[in-house]
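*Asks:*
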Amino acid sequence: MEIKYSISPFELKTLNTREMRDRILIEKVFAPDEAALTYSFDERFILGGIMPVHKEIKLEPADEIRQEYFLRTRELGLINIGGAGTVTADGESFAVGFEEGMYIGCETKEVSFQSADPENPAKFYITSALAFKKYPTVKITADMVSNNPCGSKEGASERIVKKYIHKDGVKSCQLMMGINSVQPGSVWNTLPTHTHKRRVECFMYYKIPENDFYIEVIGEPEESRHIVIRNEQAIVSAAWQMHFGVGTCCYDFIWAMAGENQEFPDMDVVPMTQVK
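Letter by letter, the sequence shown follows residues 32 to 307 in my numbering.
(1) For SER37, which residues in the same chain have their Cβ closer than 6 Å to its Cβ, ignoring the five residues on either side in sequence?
(2) Mind checking whether ALA160 and ARG105 have CB atoms under 9 Å apart?
(3) Can you pull the DSSP bridge partners for GLN272?
(4) Beta-carbon separation of ILE57 and GLN272 under 9 Å?
(5) Determine whether the beta carbon atoms of GLU189 and VAL213 lie at a separation below 9 Å.
(6) Buried or exposed for GLY132, please, with buried defined as at least 16 other CB atoms from any protein chain shown within 10 angstroms of its CB.
(7) Leaving out the 5 sequence neighbours to the left and right, which residues in its chain are closer than 7 Å to ASP299 when beta-carbon positions are compared?
(8) Which of the three DSSP states is assigned to MET51 in this structure?
(9) Below 8 Å on the Cβ atoms is my contact criterion, and I expect GLU123 with MET32 to pass it. Report the Cβ-Cβ distance as a whole number of Å.
(10) If I follow the unbroken beta strand (DSSP E) through PRO223, where does it start and stop?
(11) I'd like to check one pair, GLY186 with LEU222: are the Cβ atoms closer than 9 Å?
(12) Measuring only the C-alpha atoms, how far is ILE77 from VAL267?
(13) What's the C-alpha gap between ILE196 and LYS35?
(14) Do TYR237 and ASN220 have their beta-carbon atoms positioned less than 9 Å apart in this structure?
(15) With burial defined as no fewer than 16 other Cβ atoms inside 10 Å of the residue's Cβ, what is the status of LYS307: buried or exposed?
(16) Start and end of the beta strand (DSSP E) containing PHE125?
(17) Could you compute how far the alpha carbon of CYS280 sits from the alpha carbon of GLU247?
(18) By DSSP, does GLU87 sit in helix, in strand, or in coil?
(19) Since I believe ILE88 is in contact with PHE125 (beta carbons under 8 Å), could you give me their beta-carbon distance rounded to a whole number of angstroms?
(20) Report, in whole angstroms, the separation of the C-beta atoms of ALA153 and GLY116, which I expect to be a contact under 8 Å.
(21) Which stretch, first to last residue, makes up the beta strand (DSSP E) that contains TRP296?
(22) Just curious, the beta strand (DSSP E) that LEU107 is in, first and last residue?
(23) Quick check on the DSSP output: the alpha helix (DSSP H) that includes PRO180 runs from which residue to which?
(24) Just to confirm the assignment, what range does the beta strand (DSSP E) spanning LEU161 have?
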């Protein structure tokens, strides 16, 4: 399991490009027949990809969490961005298709992942946060997702915010998860820019062609930095830093949050005139 340490606003402005990418970016989310996971000290988030090809992959307890099983004191959310697959939680199996999801509650002892077709393997993107109460394990289908249009064509920011795990839908202790789908003809997202001082947020970008990329603007408003992100790469956004960005094409990304509350509108908007 890779480790990502917390980063301060004082440190960020001293880093060169390579140092910043090493500290923030997860360059390879998916690896064949592996659970490629990253442990972030921000909210003790775990995120990463599970891509079963020729074998079943079991979610094993890592030394970083020092528990008898992975979800002893954790909850887990996942969204499949690959081919059809199966997730088995304590003996109950769930068929999970493209952009379907799951919430798996804490105290679930055994979790495993399989693909239906090795030529088109499932790609389970998972996020996990600490949990203090057991909520039911739920498969999340398209009809359960809350779709919220926002942005505008005029601002090249038309997108749909799709909420999978949230307080008015599939319940969790603190984990929130969903997809932002930037619509054709638009390239900007997360405007107006803002911070989540009471929550950490992680992003994983996908549907980006090989010769395209996405630029995330991060840091303090008056000390902004940028990072180039390519297909199926992820970042952890510290609670103190703003985040917004633009792509060379339209794209989708999976967001996940955890922290003090689950109030989706709880954000501190940064005036665009303040950004430098």
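Built from N, CA and C at the ideal position, the CB exists for glycine as well.
Note that the coordinates shown come from a computational prediction; the quantities given were computed from them, not determined experimentally.
*Replies:* In short, the structure shows the following:
(1) Excluding sequence neighbours, SER37 sits near PHE72 and ASP73.
(2) Less than 9 Å divides the Cβ of ALA160 from the Cβ of ARG105.
(3) Assignment of beta-bridge partners to GLN272 by DSSP yields no partner.
(4) At a Cβ-Cβ threshold of 9 Å, ILE57 and GLN272 do not count as neighbours.
(5) In this structure, VAL213 lies closer than 9 Å to GLU189 by Cβ.
(6) GLY132 is buried by the Cβ-count criterion.
(7) Exclusion of the five residues before and after ASP299 leaves HIS225, THR226 and LYS228 as the residues of its chain whose Cβ lies within less than 7 Å of its Cβ.
(8) Helix, per DSSP.
(9) Contact flag wrong, Cβ pair sits at about 26 Å.
(10) In the DSSP assignment, PRO223 falls within the unbroken beta strand (DSSP E) covering 219–226.
(11) For LEU222 and GLY186, yes; Cβs fall inside 9 Å.
(12) ILE77 and VAL267 have their C-alpha atoms spaced approximately 10 Å apart.
(13) If I take the Cα positions, the gap works out to 24 Å.
(14) 9 Å or more divides the Cβ of ASN220 from the Cβ of TYR237.
(15) When all chains shown are included, LYS307 counts as exposed.
(16) Residues 123–127.
(17) Taking the straight line joining both Cα atoms gives about 14 Å.
(18) Residue state, collapsed to three classes: coil.
(19) No, PHE125 and ILE88 are not in contact; Cβ-Cβ is about 15 Å, not under 8 Å.
(20) So it is a contact: roughly 3 Å between Cβ atoms.
(21) For clarity, residue 296 is Pro in the given sequence; the question names Trp instead. No residue range can be given for PRO296, since it is assigned to no beta strand (DSSP E) and is classified by DSSP as neither H nor E.
(22) That run of the beta strand (DSSP E) goes 105–111.
(23) Taken as a continuous stretch (DSSP letters only), PRO180 belongs to no alpha helix (DSSP H), being part of the beta strand (DSSP E) at 177–181.
(24) LEU161 -> beta strand (DSSP E) spans 155–161.
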